[in-house]
Amino acid sequence: MSYFKTAILLAGMTALFMGVGYLMGGASGAMIALVVAAGMNMFAYWNSDRAVLSMHGAQPVDARNAPDLYRMVGELAQNAGLPMPKVYIMDNPQPNAFATGRNPQNAAVAVTTGLMQQLSREELAGVVAHELAHIKHHDTLLMTITATIAGAISMIAQFGMFFGGNRNNNGPGVIGQIALMILAPLAAMLVQMAISRTREYAADEMGARICGQPMWLASALAKIENAAHRIPNEDAERAPATAHMFIINPLSGRAMDNLFTTHPATQNRIAALQQLAHQMGAQGGYVQQRPAAPAATGPWNGGSTPRRGPWG
50 MSYFKTAILL AGMTALFMGV GYLMGGASGA MIALVVAAGM NMFAYWNSDR AVLSMHGAQP
110 VDARNAPDLY RMVGELAQNA GLPMPKVYIM DNPQPNAFAT GRNPQNAAVA VTTGLMQQLS
170 REELAGVVAH ELAHIKHHDT LLMTITATIA GAISMIAQFG MFFGGNRNNN GPGVIGQIAL
230 MILAPLAAML VQMAISRTRE YAADEMGARI CGQPMWLASA LAKIENAAHR IPNEDAERAP
290 ATAHMFIINP LSGRAMDNLF TTHPATQNRI AALQQLAHQM GAQGGYVQQR PAAPAATGPW
350 NGGSTPRRGP WG
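Each number in the numbering used here corresponds to the 1-based position in the sequence shown with 49 added.
Pasting the structure below:
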């Protein structure tokens, strides 16, 4: 089903691309846009994960330079019945994370330094499990391709103001260019919103089952939501089309960023996890009773190796 949705998305984005090209240059513009869209679709399918990781300055880590994080991801992936994904760290003070990759065999989990510094081991496990749930559900292909193509469409629409609009060509004029700049990114954002909200609830539930404690993730969501409003994520601000990939919306809401909000309300997600915790007989509030590791000496910053997690 995820591949069918991806095909529909690529076809829809191609049509939108051609519409933008037609407004800019008529029939010839549409044909040029079709060629560009075909190349973009090929790039998006095979390389969009690397492009998104690069946008956020994500650096690969392994068992040598991030042993505890790497081991945690491996244990949780085994719990989820997944192959070991690649692990990345983003040097960013905002606690956040996302998963990417066209399939579970070519997947990656990326977390920020802020996430590792501000969350306890249990909360971090909840977040990693959530991202692994996206991989297991094959959400990452759709999420990553959407981010890449929506970003490209937004950029092309911005270029619309420089083309056409004079009496010597068939451009749409000043009013048409303004409409183009607004409607093309809006169409891309509507696609993002359509695929985003239900998948977050599904990933929350699956992630809670992978790590075995819904309240670990609930507590992490509360902390990340609070920090996201206080700590800017400059990489995400420069590439707002990737916002839907993160576990919590990383955008500050400045300018037009709030239009990229694709996540359900965090309090609703926490409430659903609390309900799941009750059903599973989990200890609600367990994470809040355990202090987070200090930023300078915690196990996620090269400290002593922590005990094996209870998910293993």
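The beta-carbon is built from N, C-alpha and C at its ideal position, and this holds for glycine as well. Since the structure is predicted, the reported quantities are computational estimates derived from the model, not experimental observations.
C-alpha gap between residue i and residue j, whole angstroms
i	j	result
L270	F147	13 Å
G70	A76	8 Å
H312	V136	24 Å
I184	A82	32 Å
A251	A314	14 Å
M67	N152	28 Å
T195	M133	24 Å
M165	D140	10 Å
D117	Q167	16 Å
R258	H327	13 Å
G130	A79	45 Å
A174	V85	41 Å
F53	G74	31 Å
Q23	L65	Lying before the first or after the last residue shown, residue 23 is absent from the chain, which here runs from 50 to 361.
L366	A276	Past the edges of the chain, shown from 50 to 361, lies residue 366, and the structure says nothing about it.
Cβ-based burial, residue i [other Cβ within 10 Å; buried from 16]
i	result
G330	exposed
I57	exposed
R216	With a pLDDT of only 46 at R216, under 50, the local geometry of the prediction cannot be trusted, and no value is derived from it.
A112	exposed
CA nearest to the CA of residue i, picked from the options
i	options	result
Q324	P144, T161, T189 and P263	P263
E274	G163, A251, M255 and F53	G163
V169	S268, G150, I296 and A156	Position check: residue 169 holds Ser in this sequence, whereas Val was assumed. Nearest option by C-alpha distance: S268.
D284	A320, N128, P144 and I319	P144
C260	A182, K272 and G88	A182
L125	I297, T193, V176 and F53	V176
R279	A56, N96 and P142	P142
V101	M294, Q328, L173 and N298	M294
Q154	A107, D98, Q167 and N114	D98
A159	A107, G78, N114 and L173	A107
G150	L72, G74, T197 and G130	T197
N128	M80, G74 and G256	G256
R287	M104, V85, I57 and F53	M104
R246	A276, M192 and A277	M192
A115	T161, L59 and Q316	T161
R248	A277, I296 and A276	I296
Contact set for residue i: own chain, Cβ-Cβ below 7 Å, skip 5 residues either direction
i	result
G334	Residue confidence for G334 is low, a pLDDT of 39 falling below 50, so the modelled location carries little weight and cannot support an answer.
D253	H179, L266, R318, A321 and L322
Q337	Any reading at Q337 needs caution, since the residue's pLDDT is 38, under 50, leaving its predicted position unreliable; the model's value is listed next. Here the set comprises S268.
T189	A148, T149, G150, A156 and H183
Own chain partners of residue i with C-beta closer than 8 Å, once the 5 adjacent residues on each side are dropped
i	result
A87	T63
I319	A267, L270 and A271
P281	Q143 and S301
Own chain partners of residue i with C-beta closer than 6 Å, once the 5 adjacent residues on each side are dropped
i	result
V110	V136 and I138
G61	none
E172	W265, S268, A269 and V336
L59	N90
N96	none
Between the region 108–125 and the region 83–93, are three or more C-beta pairs nearer than 8 Å?
As far as the Cβ criterion goes, the region 108–125 does not touch the region 83–93, which means the pair count is below three.
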